[in-house]
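Going down the list, the protein sequences come from chains E, P, A and S.
When the letters of the first sequence are read in order and numbered with our numbering, they come out as residues 975 to 1367.
When the letters of the second sequence are read in order and numbered with our numbering, they come out as residues 975 to 1367.
When the letters of the third sequence are read in order and numbered with our numbering, they come out as residues 983 to 1236.
When the letters of the fourth sequence are read in order and numbered with our numbering, they come out as residues 983 to 1236.
All residues carry an ideal CB built from backbone N, CA and C; glycine is no exception.
Source: prediction; values computed, not measured.
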Amino acid sequence: MKYTVDKKGFYGKYGGAFVPEMLFPNLDELEKNYNKIINDKEFQNDYNNLLRDYVGRPTPLFFAERLSEKYKCKIYLKREDLCHTGAHKINNTIGQILLAKRLGKKRIIAETGAGQHGVATATVCALKGIECVIYMGAVDIKRQAPNVARMKMLGASVVAAESGSKTLKDATNEAIRDWINNPITTHYIIGSVVGPHPYPDMVAKFQSIVSEEIKAQLLEKENTQNPNYLLANIGGGSNAAGLYYNYLENENVKIISVEAAGEGVKSGKSAATSVLGKTGIIHGSKTLLMQTNDGQIIEPYSISAGLDYPGVGPLHAHLLESKRAEFMSITDSDAMLAGLEVSKLEGIIPAIETAHAFAAFKYLDFKTNDIVVVNFSGRGDKDLDTYIEYFNL
Amino acid sequence: MKYTVDKKGFYGKYGGAFVPEMLFPNLDELEKNYNKIINDKEFQNDYNNLLRDYVGRPTPLFFAERLSEKYKCKIYLKREDLCHTGAHKINNTIGQILLAKRLGKKRIIAETGAGQHGVATATVCALKGIECVIYMGAVDIKRQAPNVARMKMLGASVVAAESGSKTLKDATNEAIRDWINNPITTHYIIGSVVGPHPYPDMVAKFQSIVSEEIKAQLLEKENTQNPNYLLANIGGGSNAAGLYYNYLENENVKIISVEAAGEGVKSGKSAATSVLGKTGIIHGSKTLLMQTNDGQIIEPYSISAGLDYPGVGPLHAHLLESKRAEFMSITDSDAMLAGLEVSKLEGIIPAIETAHAFAAFKYLDFKTNDIVVVNFSGRGDKDLDTYIEYFNL
Amino acid sequence: MNRIDNTLNKEGKLLSIYFTAGHPNLNDTVDIILKLQESGVDMIEIGLPFSDPLADGPTIQDSSTVAIKNGMNTNVLFEQLNGIRNRVSIPLIIMGYFNPILQFGVEEFCKKCNQVGIDGLIIPDLPIDYYEENYKSIFKKYKIYNMFLIAPQTSDERIKKIDSISDGFIYMVSSSSITGSKESFSSKQLEYFERINKMNLKTPRITGFGVGNKDTFNAAVNYSKGAIIGSAFIKNLESNGLKSIERFIKNIRI
Amino acid sequence: MNRIDNTLNKEGKLLSIYFTAGHPNLNDTVDIILKLQESGVDMIEIGLPFSDPLADGPTIQDSSTVAIKNGMNTNVLFEQLNGIRNRVSIPLIIMGYFNPILQFGVEEFCKKCNQVGIDGLIIPDLPIDYYEENYKSIFKKYKIYNMFLIAPQTSDERIKKIDSISDGFIYMVSSSSITGSKESFSSKQLEYFERINKMNLKTPRITGFGVGNKDTFNAAVNYSKGAIIGSAFIKNLESNGLKSIERFIKNIRI
Ligand SMILES: Cc1ncc(COP(=O)(O)O)c(C=O)c1O
Ligand SMILES: Cc1ncc(COP(=O)(O)O)c(C=O)c1O
């Protein structure tokens, strides 16, 4: 298995668990138990039942007729936007809350940027009646008021991260600090395939349901389990990991990962880690990372809060390095236009994160028969204010 | 069949098509064709495929453990909130757009209050590439800005209704006027089981998928197709109609319909048609209607825009009169508290319309074994501003 | 035979005027009727205002809103019309949506009409079948005519049926359109007028919707016994007051 | 044997001070070191600032932010430390997160440390196994000690392993907690100190995190060879400047 995590928690040279000793026992506990728990039949049962009855899985694989016509290939949308709370994020939080319960944890913490992962975490905590604290940058709290309100309605405490640039990166630092301070009672639900081992692998496994479903759905629709292309946006990379997971070892299925270029890769306001990043350590993981020459982490920029992260998960760093995945960088303006186009052609308003993936089409050249599956990672409701302002709606 | 529409378009003494002659041909065309089209195999195919791959059906039937514990009965939630666009409304618009295409219509109009039906209509028009005009009260346009933006993103024109109180009732008048002016090219997609025959029956049929799914789902979960109670909120009554449809003739299944009392049934600010209404004609239908002694329609009030309608569909008037359904009226404040409670206990933020149904629980006394299915008609994202303001979140 | 038939049997083309009772002022009703009769109008439709007049354009809708605010309602209208027959001899028709009539009680309404001397009703949202089944006998009992509408999309078959059951006249709606005056008729409308003309209906037709000036009046009566002016009259009333009624009618009739 | 061992071999309890290089002002580094040595401090941890110091509390985080803004970075620090060994004889340790060191190049970093006379490193987020596999030989080559942390949740087994591979001392984190001074230790913390004490480790321990005044210092050194003060020292520096260093140290050592 070239693309799955090795015994030491690495994907090639990326990954690992670069954390202070205080966190070692927590990660050790997780690492020793996560595979056992995930593979446990009763866990599988609980997990699958919740995915079905609570999250609304399987999510459809929708043939996008009008987009297909425009881009002259067969475009299928994996409708994660239809998941409860509006994005793929909840596949992971459902898995982790069940795991946390089995580990006897009494308290959940999480970081969030745009608030999607925060909402997905607050949601499963409400469902299971577990205390929930969400760390969110003070700046993000201001600009994502509706998601903050959702978390509060769900009974979570939202704590402002006042350090650094007061956005996602700093919220993550604060969550890790909380975990250091509360190592026994608390489980930390990380929201993407980032952070120290075993998080990237664990989150990828919980997201892998996406490609598992696609295999069956494509078989029914196209008489093959395998598309020609998979296309996903990448923030930390969890929706992409879910989309790719069951296809990683099948190199006939090509992978295109779309990052946020912000105002342009060279503009100084970008989140295009594949271009701008160098190997480094962020949030306990060795991966590609936007940083100064001295190794200080650079605050990224994207119009989309979910892609506004200075790194990518170690799996994706490995996929890039090994050329298993091709990376593209999409600017704010391309993404916004693509969001509008998808809305008008298919009647589905995408999250701006998701819109980045669609913006790639105009730069790609597919064959008429190519089956291209796009992970429709989330719905655009959370982004309406941005769309309204941008397009003066 | 005591509770289905008769040949003349009536439910008991309610229903009919009280429309100006100019609309007779349109309704006649619909009335002559709708059953034929709906029962057509190819139509069924198209409809079911879109419900599955686009809307995300079947929606789950979720056992709400913590609510069940609190209210000492078995509470199941029919998760219409997971439908594409966030409410049951799209079941109907999918059906009607396919019907309109088969009738050769080139243009769609609709009315909307909160904007949910407007969004659901704009969505299917985008999907099918058909021109779409949405009428919305000028007052509602101001207070539901995000849904207005969604409609615009989806390519629809939103036209302000400037007459009367500039809310849903007036938007409906304007839509009907548009239809009078464009009788041949245009199909009018009504958003609830209201309006002239055959709309109430047609919309109920498109929503009946809800109870059709429940039968199979309950059988799997409870080894019976039949719950003891069905519980739904009623604006015009389309989500309720869908929930009840396949159980109407089975009188062992009890029906509870929950209306909006606004600030109280006697406060002068209410939408409790079952209490305050008398038989009258609104939007082409004979039904229960809030009106002055002279027969002028009274503007209703509810904190929930979707329940803010001065009538109910004729089916519901009939269910009330024949005592097939029990009606309850729930105030704004009860509904808001119930919305918060459901969020905190189950991790699902309900639309305020939906919250009305949950508020009924504290006034009801079920047996421990009673199976109560609540139609979770929509998600609360559209109502966040109201929740934020109300609870000072 | 009632006053409507007598008028329809007259030579020449008929001018009928619609206005909303209670507008511009609550107590203008009788004055407007008197002035219309003085000005030589042949027939009058008195609009009973309704909060949600869905076949009407903005002018009539607004006048209805004002009228209701002014205090107009069914009882008030009948009070105002009490004794009108001492002063007015031309046919008087009440035009109103069904709900206010239903609330008043259809029989009670017809009885009152009979008492005050109303000759007929136009109820745009009362379907023919429903009328025939439920109310026809009541109308007959009180000798109140019920006039039906036909519109461009109405099928020939249905027109024939309407013709066969009609009292008085058929209200021929000039276009697929809500009320509101137009500058002229389109060729499509004229075709439609022509088509109906050729059907040789037994019942005379009065054209309404979109008639608002001398030109449209003349065009309309080319194909029918008469025409009804509504929105244009109301607009004039609003701008120029009751004193302008005579001039408005003269300008049509020139 | 390096300076660290010599110091650990001294009689009595050791006071070690952490400060962030480049804070409060970019060029304070050498002055602070000199003043600390003058005040009788036994060992110094020079913090190489990092943008995202996730084991640290607000005081150290803020000082790091200021230091980076002031222009501190790895090159600048080594320049400032150039020649320090002409004036300072106590052990100097650089404490910093792994990423800046990785970017500089681990070998290059160790070489520089050796050149300027740094005795050891504390890299809180460099895992033991990864160090052993990849960097141990480099550290050895340049005679740089690498000190590891233990914390209350660290298992006995793991503590024993750390003991077996440690150079110099074990950095005993006083509580499950990020850095930041406390008024006193809890009974739970004392129990933990006691437990570790009883393990009879070969490597001496220096207690850190939450040591900030005379009381906590004395309590800590009751169970270990010495203690490190960080946040409390930085706070004092911020409020009272470099001139207050001597008094601050005296107050601990009284
Ligand atoms: C809808 C949506 N898509 C994508 C992302 C990016 O995260 P990831 O790369 O982990 O999928 C986010 C993060 O918030 C999101 O909300
Ligand atoms: C979520 C939701 N529930 C209920 C309703 C009420 O409509 P109906 O009674 O037709 O289901 C609406 C109308 O907008 C709605 O959006």
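key: Nearest candidate by alpha-carbon position, reference residue 1353/E, set 993/E, 994/E and 1052/E   = Along the first sequence, one-based indexing puts residue 1353/E at 379. Ranking the options by Cα distance to residue 1353/E, first place goes to 1052/E.
query = What whole-angstrom Cβ distance do residue 1126/A and residue 1088/A have, given they're in contact under 8 Å?
reply = Translated into the one-based positions of the third sequence, residue 1126/A becomes position 144. Translated into the one-based positions of the third sequence, residue 1088/A becomes position 106. Wrong, their Cβ atoms sit about 10 Å apart, outside the cutoff.
task = Kindly indicate which three-state DSSP category residue 1215/P falls into: helix, strand or coil?
result = For the purposes of this step, residue 1215/P is taken as residue 241 along the second sequence, with counting starting at 1. The answer is helix: DSSP assigns residue 1215/P an H, G or I state.
query = Excluding sequence positions up to five away, which residues of its chain have a Cβ less than 6 Å from the Cβ of residue 1202/A?
reply = Along the third sequence, read from residue 1 onward, the residue named residue 1202/A stands at position 220. Excluding residues within five positions, the ones whose Cβ falls inside 6 Å are 1189, 1193 and 1209.
inquiry  = Just list the residues that DSSP pairs residue 1025/A with in beta bridges.
reply    = Position 43 of the third sequence holds residue 1025/A. 998/A, per the DSSP bridge assignment.
inquiry  = I need the straight-line Cα distance from residue 996/S to residue 1025/S, nearest angstrom please.
reply    = By 1-based counting over the fourth sequence, the position of residue 996/S is 14. By 1-based counting over the fourth sequence, the position of residue 1025/S is 43. If I take the Cα positions, the gap works out to 8 Å.
query = At a cut-off of 8 Å, is residue 1312/E close to ligand 2 when judged by its beta-carbon and the heavy atoms of the ligand?
reply = As a first step, residue 1312/E must be located in the first sequence, where it is residue number 338. The answer is no for residue 1312/E.
message = Closer than 8 Å to a non-hydrogen atom of ligand 2 - does that hold for the CB of residue 1058/E?
response = Reading the first sequence from its first residue, position 84 is the one you call residue 1058/E. No; taking the cut-off as 8 Å, the Cβ of residue 1058/E has no heavy atom of ligand 2 nearer than that.
request  = List the residues of chain A whose Cβ lies closer than 7 Å to the Cβ of residue 1127/P, in chain order.
outcome  = Taking the second sequence and counting its residues from 1, the one referred to as residue 1127/P is at position 153. Result: empty, since nearest Cβ-Cβ is about 30 Å, beyond 7 Å.
ask   = Which stretch, first to last residue, makes up the alpha helix (DSSP H) that contains residue 1121/A?
value = As a position in the third sequence, residue 1121/A is number 139, starting the count at 1. Residue 1121/A -> alpha helix (DSSP H) spans 1118-1123.
query = If residue 1149/A sits next to residue 1181/A, beta carbons under 8 Å apart, how far is it from one beta carbon to the other, in whole angstroms?
reply = Residue mapping note: residue 1149/A aligns to position 167 of the third sequence, counting from 1. Residue mapping note: residue 1181/A aligns to position 199 of the third sequence, counting from 1. About 18 Å separates the two Cβ atoms, so there is no contact after all.
inquiry  = Give me the pocket residues for ligand 1, defined as CB within less than 7 Å of any heavy atom, sorted by chain position.
reply    = 1061/E, 1062/E, 1063/E, 1087/E, 1088/E, 1090/E, 1091/E, 1165/E, 1166/E, 1167/E, 1207/E, 1208/E, 1209/E, 1210/E, 1211/E, 1212/E, 1213/E, 1214/E, 1279/E, 1280/E, 1281/E, 1325/E, 1327/E, 1328/E, 1351/E and 1352/E
key: Cβ shell of residue 1319/P (< 6 Å), same chain only, five flanking positions each side left out   = The residue given as residue 1319/P occupies position 345 in the second sequence. Around residue 1319/P: 1040 and 1041.
task = Run the CB neighbour count on residue 1149/P, radius 10 Å, all protein chains shown included, and call it buried at 16 or more, exposed below.
result = Numbered from its first residue, the second sequence carries residue 1149/P at position 175. Result: buried.
ask   = To which residues of the same chain is residue 1308/P closer than 6 Å at the C-beta, ignoring the five residues directly before and after it?
value = As a position in the second sequence, residue 1308/P is number 334, starting the count at 1. Answer for residue 1308/P: 1333, listed in chain order.
key: Beta-carbon contacts of residue 1155/A that lie in its chain and below 7 Å, excluding the five residues immediately before and after   = Looking up residue 1155/A in the third sequence gives position 173. Correct list, in chain order: 1131, 1132, 1133, 1190 and 1191.
query = Taking the alpha-carbon positions, what's the residue 1193/P to residue 1335/P distance?
reply = As a position in the second sequence, residue 1193/P is number 219, starting the count at 1. As a position in the second sequence, residue 1335/P is number 361, starting the count at 1. Taking the straight line joining both Cα atoms gives about 24 Å.
inquiry  = Using the Cβ count rule (16 or more neighbours within 10 Å means buried), how would you classify residue 1135/A?
reply    = For the purposes of this step, residue 1135/A is taken as residue 153 along the third sequence, with counting starting at 1. The residue is buried, with at least 16 neighbouring Cβ atoms inside 10 Å.
query = Taking all protein chains shown into account, do 16 or more other C-beta atoms lie within 10 angstroms of the C-beta of residue 1081/A, making it buried, or fewer, making it exposed?
reply = Here residue 1081/A is taken as the residue at index 99 of the third sequence, counted from 1. Residue 1081/A should be labelled buried.
inquiry  = Starting from residue 1161/E, trace the alpha helix (DSSP H) in both directions and tell me its first and last residue.
reply    = Walking along the first sequence from the start, residue 1161/E turns up at place 187. Per DSSP, residue 1161/E belongs to no alpha helix (DSSP H); it is in the beta strand (DSSP E), 1160-1162.
ask   = Any heavy atom of ligand 4 closer than 8 Å to the CB of residue 1002/E?
value = Of the ligands one can find in the structure shown, namely ligand 1 and ligand 2, none is ligand 4.
ask   = Is residue 1055/S buried or exposed, if buried means 16 or more other CB atoms sit within 10 Å of its CB?
value = Start at 1 with the first residue of the fourth sequence, and residue 1055/S comes out as number 73. It is buried - the Cβ of residue 1055/S has at least 16 other Cβ atoms within 10 Å.
query = Where do the N-terminal and C-terminal ends of the alpha helix (DSSP H) with residue 1161/S fall, by residue?
reply = If you number the fourth sequence from 1, residue 1161/S lands on position 179. Per DSSP, residue 1161/S belongs to no alpha helix (DSSP H) and is neither H nor E.
request  = Please name the residues in the region 1255-1267 of chain P whose beta-carbon is closer than 9 Å to at least one beta-carbon of chain E, in chain order.
outcome  = none
query = Apart from the five residues on each side of it in sequence, which residues of its chain come closer than 6 Å, Cβ to Cβ, to residue 1050/S?
reply = Along the fourth sequence, read from residue 1 onward, the residue named residue 1050/S stands at position 68. Result list for residue 1050/S: 1031, in chain order.
request  = Assuming residue 1028/E contacts residue 1288/E (C-beta within less than 8 Å), just tell me the rounded distance between them.
outcome  = Here residue 1028/E refers to the residue found at position 54 of the first sequence. Here residue 1288/E refers to the residue found at position 314 of the first sequence. In fact, because the Cβ distance is near 30 Å, the residues do not count as touching under 8 Å.
task = Just the chain P side, please: which residues come within less than 7 Å of residue 1317/E by C-beta, in chain order?
result = Taking the first sequence and counting its residues from 1, one reaches residue 1317/E at position 343. Those are 1100, 1127 and 1128, listed as they occur along chain P.
inquiry  = For residue 1151/P, count the other beta carbons within 10 Å of its own beta carbon; 16 or more makes it buried, fewer makes it exposed. Which is it?
reply    = Here residue 1151/P refers to the residue found at position 177 when the second sequence is read from its first residue. Buried: at least 16 other Cβ atoms inside 10 Å.
Assigned secondary structure, residue 1226/A (DSSP; H/G/I helix, E/B strand, else coil) = On the third sequence, residue 1226/A is found 244 positions in, with the first residue counted as 1. The answer is helix: DSSP assigns residue 1226/A an H, G or I state.
Whole-angstrom distance between residue 1191/P and residue 1035/P, CA atom to CA atom = Within the second sequence, the letter at position 61 stands for residue 1035/P. Within the second sequence, the letter at position 217 stands for residue 1191/P. About 7 Å.
inquiry  = Checking 9 Å against the spacing of the C-beta atoms, do residue 1062/A and residue 984/A come in under that value?
reply    = Numbered from 1 along the third sequence, position 80 holds the residue referred to as residue 1062/A. Numbered from 1 along the third sequence, position 2 holds the residue referred to as residue 984/A. Residue 984/A is positioned such that its CB atom lies no closer than 9 Å to that of residue 1062/A.
ask   = residue 992/E CB to nearest chain S CB: under 9 Å?
value = Counting from 1 along the first sequence, the entry for residue 992/E is found at position 18. Yes, residue 992/E lies at the interface with chain S (some Cβ there is under 9 Å from its Cβ).
ask   = Would residue 1157/P count as contacting chain E if we go by Cβ distances under 9 Å?
value = Mapped onto the second sequence, residue 1157/P falls at position 183. In terms of beta-carbon proximity, residue 1157/P stays away from the interface with chain E, with every pair separated by 9 Å or more.
request  = Within the region 1020-1074 of chain E, note down every full alpha helix (DSSP H) run reaching 4 residues or more, in order along the chain.
outcome  = Runs of the alpha helix (DSSP H) inside the region 1020-1074 of chain E: 1039-1045.
query = Is residue 1356/P buried or exposed, if buried means 16 or more other CB atoms sit within 10 Å of its CB?
reply = If you number the second sequence from 1, residue 1356/P lands on position 382. Counting Cβ neighbours within 10 Å, residue 1356/P comes out buried, since at least 16 surround it.
message = For a contact defined as C-beta to C-beta under 8 Å, what are the partners of residue 1033/P on chain E?
response = On the second sequence, position 59 is the one that residue 1033/P refers to. By Cβ distance, chain E contributes 1030.
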